[in-house]
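One structure is given here, and the rest of the page talks about it.
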Amino acid sequence: MATDTLKSKPGAQGGATGGLRRLLLDNGALTALIVLVVAMSALSGDFLTADNLLNVGVQAAVTAILAFGVTFVIVSAGIDLSVGSVAALSATVLAWSATEAGIPVALAVLLAVATGIVCGLVNGFLVSYGKLPPFIATLAMLSVARGLSLVISQGSPIAFPDSVSHLGDTLGGWLPVPVLVMVVMGLLTAFVLGRTYIGRSMYAIGGNEEAARLSGLRVKKQKLAIYAFSGLFAAAAGIVLASRLASAQPQAAQGYELDAIAAVVIGGASLAGGTGKASGTLIGALILAVLRNGLNLLSVSAFWQQVVIGVVIALAVLFDTVRRKAGATTPAAGASGGGNKGKQALTYVIAAVVAVAVVGATSLLHSGSSGADKPKIGLSLSTLNNPFFVQIRDGAEEEAKKLGVDLTVTDAQNDASQQANQLQNFTSGSLSAVVVNPVDSDAAGPSVRGANQAGIPVIAVDRGVNKADTSALVASDNVEGGALGAKALAEKLGGKGTIVILQGQAGTSASRERGAGFAEGLKAYPGIKVVTKQPADFDRTKGLDVMTNLLQAHPDIDGVFAENDEMALGAIKALGSKAGTSVQVVGFDGTPDGLKAVRAGTLYASVAQQPSELGRIAVRNALRAAEDEKVEKMVKVPVKVVTKENVAGFEG
1 MATDTLKSKP GAQGGATGGL RRLLLDNGAL TALIVLVVAM SALSGDFLTA DNLLNVGVQA
61 AVTAILAFGV TFVIVSAGID LSVGSVAALS ATVLAWSATE AGIPVALAVL LAVATGIVCG
121 LVNGFLVSYG KLPPFIATLA MLSVARGLSL VISQGSPIAF PDSVSHLGDT LGGWLPVPVL
181 VMVVMGLLTA FVLGRTYIGR SMYAIGGNEE AARLSGLRVK KQKLAIYAFS GLFAAAAGIV
241 LASRLASAQP QAAQGYELDA IAAVVIGGAS LAGGTGKASG TLIGALILAV LRNGLNLLSV
301 SAFWQQVVIG VVIALAVLFD TVRRKAGATT PAAGASGGGN KGKQALTYVI AAVVAVAVVG
361 ATSLLHSGSS GADKPKIGLS LSTLNNPFFV QIRDGAEEEA KKLGVDLTVT DAQNDASQQA
421 NQLQNFTSGS LSAVVVNPVD SDAAGPSVRG ANQAGIPVIA VDRGVNKADT SALVASDNVE
481 GGALGAKALA EKLGGKGTIV ILQGQAGTSA SRERGAGFAE GLKAYPGIKV VTKQPADFDR
541 TKGLDVMTNL LQAHPDIDGV FAENDEMALG AIKALGSKAG TSVQVVGFDG TPDGLKAVRA
601 GTLYASVAQQ PSELGRIAVR NALRAAEDEK VEKMVKVPVK VVTKENVAGF EG
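Residue numbering for the sequence shown follows the working numbering, beginning at 1 and increasing consecutively.
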């Protein structure tokens with residue numbers, strides 16, 4: 001049975017230098033974390049503040065809790081790709097049970113936890129008794145759990161019970177509850193791995209499964225328990241995440257399974273099994289959180305952030321591999337005794353002292369240098385994987401340059417929790433104002449309230465923020481735009497015909513509002529029949545695929561309404577020569593590619609929102625709010641239906 005403790009090979013160990021070298025080599029993840037903290041402290045004067053360090057802890061919490069559960073699986077030489085989806089499903093079950101079904105909150109929490117455990121047991125059963133590779137079994141659960149979350153919620157966020165939402169609050173006004181939950185779950189993980197029979201079994205199975213079976217371990221039953229633990233921790237992470245966002249998001253925690261696995265591996269565990277520890281996993285999660293937080297504070301491009309994080313993950317694992325080859329060996333099972341644990345404790349104490357000393361020295365670089373030459377504004381966009389929001393960014397950057405404003409742009413990638421982290425980073429930075437384009441109006445509320453408490457004015461663009469104070473909302477009316485789209489399509493069809501609707505990403509306010517406006521506008525045209533609605537996630541490729549499939553069942557449709565231009569362009573590709581002739585297509589947003597299709601006649605119309613103007617006005621109002629000038633609470637940017645007749649004079 002392998003353990004998680006490493007010893008250096010005997011060699012040149014003389015003097016304090018050799019001891020420090022061994023200390024650093026034998027604790028690769030800890031060394032990487034110290035280096036990162038020192039670097040971020042040196043590069044940004046906003047990093048080393050109490051508020052920001054607490055932000056790092058909060059932002060690491062969900063990933064760390066998920067990663068603790070994944071640690072059990074990886075130590076036993078397995079993999080669990082389903083934890084992000086299971087987290088979202090558990091939170092959705094809790095919110096739906098406590099609100100829609102009227103179940104008492106305590107029972108709803110137990111039901112959510114049971115949901116996570118059941119998902120884990122199913123994974124374990126498929127791996128142990130179904131003989132499926134862990135990758136395949138958990139990949140299937142990833143899809144099933146996410147689908148059930150969308151089915152239960154009908155694709156819309158569900159408000160979280162207030163009594164449970166306190167998990168996202170602070171104790172005493174400063175200590176975040178998510179951090180406390182993370183610490184408790186970490187201690188539980190350490191106890192299970194180091195002090196229990198099931199923990200020793202995990203190492204044995206990961207070290208050599210056949211040998212573990214021959215030694216009398218009931219490997220199949222142990223794997224059931226191991227995956228059940230992973231499901232339990234995923235449920236806890238989902239509840240904490242939903243508490244932070246004050247709502248259960250059916251699309252929450254997408255991609256978090258990869259962060260969780262990365263945290264475990266960065267922390268020193270091997271994907272081959274047999275090694276891993278709770279403290280290493282925690283350090284791995286903190287490394288990821290420090291990276292994202294620091295890169296936000298340093299105004300690094302949202303696209304480059306992904307590159308940097310990937311490179312750092314690869315370097316951290318490479319360092320660990322080199323360390324093992326250069327001078328670390330794994331002792332025999334059970335070889336770790338009190339002396340080793342004493343050394344490990346001393347390691348962390350020395351590391352803390354070194355970190356504090358170096359960070360304290362680097363912080364002197366920023367003392368007295370807080371002069372603000374330019375006003376700083378942060379812009380958090382829901383996504384940059386869509387031309388509409390790219391145009392908002394371009395308009396904002398153009399206006400910021402004109403006004404002499406230092407603008408930092410972040411990309412939430414349609415992840416409400418990632419946007420919450422970005423807004424918290426903005427709040428702890430020395431910003432004059434914040435502009436936010438919410439992924440979800442409810443989920444952005446808690447983070448915007450944090451900015452309110454810090455005295456930072458917030459401007460909402462395109463979508464409002466619920467249960468928080470914004471200085472202004474700069475937006476078009478999505479509901480009105482949907483109604484205008486319905487009118488344009490119905491009149492083009494002469495008031496009768498069959499149409500299909502391509503819906504946006506489930507759970508987003510833009511999709512809900514545009515769909516609701518279109519449905520309301522269509523009531524005036526009873527001769528128009530909607531034969532089907534299908535989501536295509538605001539994506540051109542998915543619009544093409546979904547439209548191709550729909551044409552098999554409905555070859556004689558007369559029209560298509562797509563909730564954005566990207567899906568409309570995909571539909572046009574699927575329709576081929578029918579687009580603009582026998583089938584009329586109406587899109588939404590007025591993107592450059594959309595307007596080009598309108599000029600060509602393949603897209604009949606686009607409901608244009610002038611996104612560049614939205615960005616320009618938002619920055620302008622953010623600067624006014626930062627300078628305590630009067631700002632209108634609601635700034636409306638007109639929407640208009642653009643057709644071939646008026647496209648020549650339109651600027652998006």
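By construction, the Cβ of each residue, glycine as well, lies at the ideal position given by its N, Cα and C atoms.
Beta-carbon spacing of residue i, residue j below 8 Å
i      : j      : result
Val290 : Leu36  : yes
Ala608 : Phe650 : yes
Thr410 : Ala302 : yes
Val439 : Asn414 : yes
Leu232 : Val113 : yes
Thr115 : Ile158 : no
Ser674 : Ile499 : The structure shown does not extend to residue 674, since the chain is modelled only from 1 through 652, so no value can be given for it.
Gly238 : Ala253 : yes
Leu575 : Val583 : yes
Arg531 : Ile572 : Sequence check: residue 531 is Val here, not Arg. No, Cβ-Cβ distance for Val531 and Ile572 is not below 8 Å.
Leu193 : Ala87  : no
Arg292 : Asn437 : no
Thr470 : Ala454 : no
Val474 : Val639 : no
Ala657 : Val448 : Outside the modelled stretch of the chain, which goes from 1 to 652, sits residue 657, for which no answer is possible.
Ser509 : Ser417 : no
Local Cβ density within 10 Å of residue i, reported as buried at 16 or more and exposed below that
i      : result
Trp304 : exposed
Trp96  : buried
Gln419 : buried
Leu544 : buried
Phe68  : buried
Asn646 : exposed
Lys703 : This structure cannot settle anything about residue 703, because the visible part of the chain is limited to 1 through 652.
Pro387 : buried
Tyr256 : buried
Gln154 : exposed
Thr591 : buried
Asp537 : buried
Ser577 : exposed
Val642 : buried
Gly334 : Unreliable placement is indicated for Gly334, whose pLDDT of 41 sits below 50; the coordinate value is still reported in the next sentence. Per the 10 Å Cβ criterion, exposed.
Pro104 : exposed
Thr196 : exposed
Val109 : buried
Met182 : buried
Arg620 : buried
Rounded Cβ spacing between residue i and residue j (contact assumed at less than 8 Å)
i      : j      : result
His166 : Val151 : Not really, about 28 Å apart at Cβ, beyond 8 Å.
Ser82  : Ala145 : 6 Å
Val73  : Ser230 : 5 Å
Leu623 : Leu403 : 6 Å
Leu30  : Ser41  : Rounded, the Cβ-Cβ distance is 17 Å, inconsistent with contact.
Tyr203 : Val75  : 6 Å
Leu489 : Gly559 : 5 Å
Val164 : Ser243 : 6 Å
Ala443 : Gln249 : 6 Å
Arg540 : Phe588 : Wrong, their Cβ atoms sit about 13 Å apart, outside the cutoff.
Pro375 : Asp394 : Not confirmed; about 20 Å, so no contact.
Thr138 : Asp80  : 5 Å
Cut-off 6 Å between Cβ atoms - residues of its own chain near residue i, not counting five sequence neighbours on either side
i      : result
Lys533 : Ile501 and Gln503
Gly521 : Ala483, Ala486 and Lys487
Gly429 : Asp46 and Leu297
Asn385 : none
Thr548 : Ala574
Met567 : Leu502, Ala536 and Gly543
Residues near residue i by beta carbon distance below 7 Å, same chain, minus five either side
i      : result
Ser511 : Gln503, Gly504, Gln505 and Glu563
Lys401 : none
Ala618 : Ala396, Val435, Ile459, Val461 and Val474
Sequence-distant residues of the same chain with beta carbon closer than 8 Å to residue i, five excluded per side
i      : result
Gly450 : Leu423, Gln424 and Thr427
Gly601 : Gly580 and Lys644
Thr99  : Ile158, Ala159 and Pro161
Val56  : Leu286, Ala289, Val290 and Asn293
Leu217 : Ser201, Ala204 and Ile205
Practice task
Report the residue ranges of all alpha helix (DSSP H) runs contained in full by the segment 222 to 309; include only those spanning at least 4 residues, in chain order.
Solution key: 256 to 266 and 278 to 297
Handout entry: Ranges of the beta strand (DSSP E) found wholly within the segment 566 to 601, counting only runs of at least 3
Key = 584 to 589
Exercise for the section: Counting only runs of 4+ residues fully inside the segment 145 to 189, write out the alpha helix (DSSP H) ranges in chain order. Expected result: Taking 4 residues as the shortest admissible run, the segment 145 to 189 contains the following complete alpha helix (DSSP H) segments, listed from N- to C-terminal end: 162 to 165.
Problem - Runs of alpha helix (DSSP H) wholly within the segment 495 to 570 (minimum 4 residues, chain order) - result: If we require 4 residues or more, the alpha helix (DSSP H) runs fully inside the segment 495 to 570 come out as 509 to 522 and 540 to 553.
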